[in-house]
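Using our numbering, the final residue of the sequence shown is 225, and nothing's skipped along the way.
Only one structure is covered here, and it is reproduced in the block below.
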Amino acid sequence: MSLLDEAAKAQPNAYAPYSNFRVGAAIRTTSGAVYTGVNVENAAYPEGTCAEAGAIAAMVLGGETEIAEVAVIGDSDEPVPPCGGCRQKIREFAGPDVKVTMMSRTGKTLTMTVGELLPGAFTPDHMD
Numbered sequence: 098m099s100l101l102d103e104a105a106k107a108q109p110n111a112y113a114p115y116s117n118f119r120v121g122a123a124i125r126t127t128s129g130a131v132y133t134g135v136n137v138e139n140a141a142y143p144e145g146t147c148a149e150a151g152a153i154a155a156m157v158l159g160g161e162t163e164i165a166e167v168a169v170i171g172d173s174d175e176p177v178p179p180c181g182g183c184r185q186k187i188r189e190f191a192g193p194d195v196k197v198t199m200m201s202r203t204g205k206t207l208t209m210t211v212g213e214l215l216p217g218a219f220t221p222d223h224m225d
């Protein structure tokens, strides 16, 4: 099963009663393990979480910290990119050359690197 298939399999489980915009994400780590996540909305809108953040949390819980590939699917006719906050979260665990494949509900895809999605990212190197 492809990483996009894993994201699509997770997507229906999203909790999106307010926007009805379901997002699924899947992350493959450098070990080959796959972690998925979905968006979880909250009546207090800023308190919701994104699918990518959920997948990252699952990855960290699983004891891993290196992302090799990301896939995201959302309820849109165009491929759905990670939000700005999730781009930064992904960059924490992925190098700039890691591929992020985004897919629409109609199957249209777009692949970009983390560096293309978040040029000039703040990284752990800035903390030295």
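Here a beta-carbon is modelled for each residue, glycine too, at the ideal position from N, C-alpha and C.
Are the CB atoms of residue i and residue j nearer to each other than 8 Å?
i       : j       : result
Met-156 : Thr-126 : yes
Glu-166 : Lys-205 : no
Ala-122 : Glu-144 : no
Cys-147 : Asn-139 : no
Arg-188 : Thr-208 : no
Val-197 : Pro-179 : yes
On the DSSP bridge assignment, give the partners of residue i in chain order.
i       : result
Thr-133 : Ala-123
Lys-196 : Glu-166 and Thr-210
Where does the unbroken alpha helix (DSSP H) through residue i begin, and where does it stop?
i       : result
Glu-149 : 148 to 158
Lys-106 : 100 to 107
Val-211 : 211 to 214
Lys-186 : 181 to 190
Measuring straight from C-alpha to C-alpha, what distance separates residue i and residue j?
i       : j       : result
Ala-130 : Thr-162 : 11 Å
Met-98  : His-223 : 37 Å
Ala-218 : Val-177 : 20 Å
Got a sec: does the ligand NAD put a non-hydrogen atom nearer than 7 Å to the Cβ of residue i?
i       : result
Lys-196 : The model on display carries no ligand, and the ligand NAD is accordingly not part of it.
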